[in-house]
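Q: In full-length UniProt numbering, the protein residues as written are 1 to 327.
The beta carbon of each residue, even a glycine, is placed where N, CA and C say it ideally should be.
Structure incoming, see below.
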Ligand SMILES: C[S@@+](CC[C@H](N)C(=O)[O-])C[C@H]1O[C@@H](n2cnc3c(N)ncnc32)[C@H](O)[C@@H]1O
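Following this line, the structure appears as structure tokens:
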């Protein structure tokens with residue numbers, strides 16, 4: 001796993017004021033010797049051991065999940081996990097300082113992260129892509145996004161040419177991709193030389209009960225996995241920045257639905273050096289067994305509810321426990 005941290009300096013950075021007790025990966029940069037470029041290889045799609053069924057880490061299930069979630073997404077469901085402060089802090093790492101940059105926001109949903117992007121980048125240069133028409137319908141209603149291009153599409157098979165964008169951003173979407181390596185390889189392909197990718201996503205819990213629910217719901221990658229996928233896709237200068245809601249006070253053992261921002265730079269123009277097999281899941285394909293589908297969908301959705309309870313629990317704890325004591 002860590003053996004794949006092949007190229008250049010890989011750094012883990014923490015936001016100011018967050019200590020994240022109990023983790024070995026502290027806020028020190030980890031420097032790796034610069035080695036030759038990533039070996040060309042064939043990737044097998046993300047394996048899903050039966051102990052980690054991740055019922056919603058599928059395109060069809062995610063489609064239906066967001067068919068319903070899109071209704072309360074901006075008002076109730078997203079704010080407890082991904083605040084504006086977290087978003088802006090996460091985006092800092094990808095340097096969106098120039099208004100003329102061409103930016104793609106993949107899995108852009110209702111446009112919450114895009115609203116952070118268009119603070120500095122001209123909305124005309126920003127494309128929001130998502131597989132859910134219901135999420136995109138919400139983005140279309142937002143005044144600040146009315147000049148953005150809005151596209152329905154798949155993160156694992158982007159409808160952009162190679163060397164197209166200056167920045168690739170994807171927030172809170174990787175956890176639904178059946179083959180995250182494929183999506184990150186696409187991020188590499190569509191970027192111009194020197195372009196930067198930023199994937200904001202969950203982190204795996206260390207607490208056993210949360211691990212159980214995480215594995216039933218969707219993909220909660222470990223930080224090393226993000227680094228591994230970025231490095232294999234060909235990115236250099238891969239960095240992980242830890243983020244989290246303020247009321248968690250840096251506690252990460254329960255896992256975080258949004259817990260880190262991972263960035264990397266494309267060092268050369270052209271396609272990724274990583275060779276990969278055919279795409280496994282296509283949203284257009286009909287469901288074979290509707291009962292199995294419904295079962296997976298319901299179990300995955302129930303497991304997701306655990307993380308709503310966790311955030312309420314942390315919020316109450318933050319109110320009760322004195323600020324100078326750990327929670
Ligand atoms: C948690 S929402 C994040 C939305 C937005 N980026 C934000 O920051 O609020 C996850 C989004 O990823 C989208 N998604 C899931 N799988 C996808 C895929 N394979 N291709 C494109 N979008 C996908 C979902 O439809 C959903 O809108």
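Determine the contact status of residue 204 and residue 180, defining contact as a CB-CB distance below 9 Å.
A: no
Q: Tell me the residue span of the beta strand (DSSP E) that contains residue 274.
A: That residue, residue 274, is in no beta strand (DSSP E); it is neither H nor E in DSSP.
Q: Does the Cβ of residue 170 lie closer than 8 Å to at least one heavy atom of ligand 1?
A: yes
Q: Just list the alpha helix (DSSP H) runs in the region 190-228, keeping only unbroken ones of 4 residues or longer that don't cross its boundaries, in chain order.
A: 208-217
Q: Out of 137, 290 and 195, which one is the CA nearest neighbour of residue 263?
A: 195
Q: Return the first residue and the last residue of the beta strand (DSSP E) that residue 238 is part of.
A: 236-242
Q: Give the straight-line distance between the Cα atoms of residue 217 and residue 206, rounded to the nearest whole angstrom.
A: Their Cα atoms are separated by approximately 16 Å.
Q: Answer with buried or exposed for residue 157, where buried requires no fewer than 16 other C-beta atoms within 10 angstroms of its C-beta.
A: exposed
Q: Do residue 279 and residue 60 come within 9 Å of each other at the CB atom, strictly closer than that value?
A: no
Q: DSSP on residue 326, reduced to helix/strand/coil?
A: coil
Q: Please list the segments of the beta strand (DSSP E) lying wholly inside the region 104-131, counting only runs of 3 or more residues, in order along the chain.
A: The qualifying runs are 126-130.
Q: Based on Cα-Cα distance, which residue from 136, 254 and 168 lies nearest to residue 314?
A: Just measuring C-alpha positions, the residue of 136, 254 and 168 sitting nearest residue 314 is 254.
Q: I need the straight-line Cα distance from residue 245 to residue 219, nearest angstrom please.
A: 20 Å
Q: Under the DSSP definition of a beta bridge, which residues are partnered with residue 149?
A: 127
Q: Anyone know if the C-beta pair for residue 121 and residue 101 falls short of 9 Å?
A: yes
Q: With a Cβ-Cβ cutoff of 9 Å, do residue 251 and residue 168 count as a contact?
A: no
Q: For residue 237 and residue 172, I'd like the C-alpha separation in whole angstroms.
A: Looking at the two C-alpha atoms, the distance is approximately 22 Å.
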